[in-house]
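Residue numbers (my numbering): 4 to 344.
Everything on this sheet refers to the single structure shown next.
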């Protein structure tokens, strides 16, 4: 469900009722990295770290590289310039069009982008069109110029880490409950990143941001970038992406979100059950650097036992509640059953 969906024919990309991506009707969870150029080393690293999607957005990329992307089994997030649309509208590697990057910081008005969006949509209806934003108010101002939203919310050193999920919720408040959202996760920072404005995230902070996004129902995960200047963080991304691949069948399965509560505000929780209740997932994230013990309640949990997806630990909630000890920025992924493909 997470890789090698491109075929010899062009792709048709849509979203299901939960905002999840469908490539030629098949569910797909994008796991992407912002690339600055393409070469053999970039491809090797992208495979090694379990990505399935590459951005091709800089002046160092060109439409001729789409064939290479397809051959390597990746999907591509592409610019919306005329040469890219001509080459990519029927290309099997194209996932979506990137209409504009942070237009609120580049003097592009909502009306200008709305006009560009409508023109592109009329020309190329087979792939969704996205916008990326870094400002809160832009999520409302530009809401009529996209089919899905991306957010470049980089909190480490600048704002609370929970802003990753907060911006996802804000985007949906401007559209509808299941609006598709692909956040960029911060993996850069340090003294050479805009004069030291951002702190370099450690592996625990990156893990927290990814799981915070998942708890807030992100439909894909992208990372930005300046890679791989922090070896421990970069290696941790590969581990996280492997987890995302394993989680994808539960995240993409048709079903419903269940009410789930934590007694601590810093511990966020999500529970989702398949439509028949025979499979599902529970995600936890401690958004604080401090250890804690949280009480989790899922009133409508349809099973009597849960198992850890990554550690196979099985336990039985008592009256649909359980207690969890969490280290700082710790996460948990519990599942039941096996979702249908």
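Glycine included, C-beta positions come from ideal geometry on N, C-alpha and C.
In the DSSP assignment, residue 141 falls within the unbroken alpha helix (DSSP H) covering 141-144. With a 10 Å radius around the Cβ and a threshold of 16 neighbouring Cβ atoms, residue 151 comes out buried. Only residues of its own chain outside the window of five on either side were considered, and among them 282 have a CB closer than 7 Å to the CB of residue 341, listed in chain order. Note on residue 275: 16 or more other CB atoms within 10 angstroms of its CB, so buried under the neighbour-count rule. With 16 or more neighbouring CB atoms inside 10 Å of its own CB, residue 23 falls in the buried class. The straight-line gap separating the alpha-carbon atoms of residue 334 and residue 208 is approximately 11 Å.
Nearest Cα to residue 287 within the set 113, 126, 200, 273: 273. Looking at the DSSP output, residue 57 shares a beta bridge with 36, 79. The beta-carbon distance between residue 191 and residue 227, rounded to whole angstroms, is 7 Å. This is short enough to meet the 8 Å contact definition. The shortest C-alpha to C-alpha distance from residue 97 to any of 76, 116, 115, 46 is the one to 76.
A residue is called buried once 16 or more other Cβ atoms fall within 10 Å of its Cβ, and residue 109, having fewer, is exposed. Bridge pairing for residue 296: 328 [DSSP]. Look at the beta carbons and you see the stretch 254-261 not touching the stretch 229-239: under three pairs across the two are nearer than 8 Å.
Exposure of residue 61 is indicated by the presence of fewer than 16 other C-beta atoms within 10 angstroms of its C-beta.
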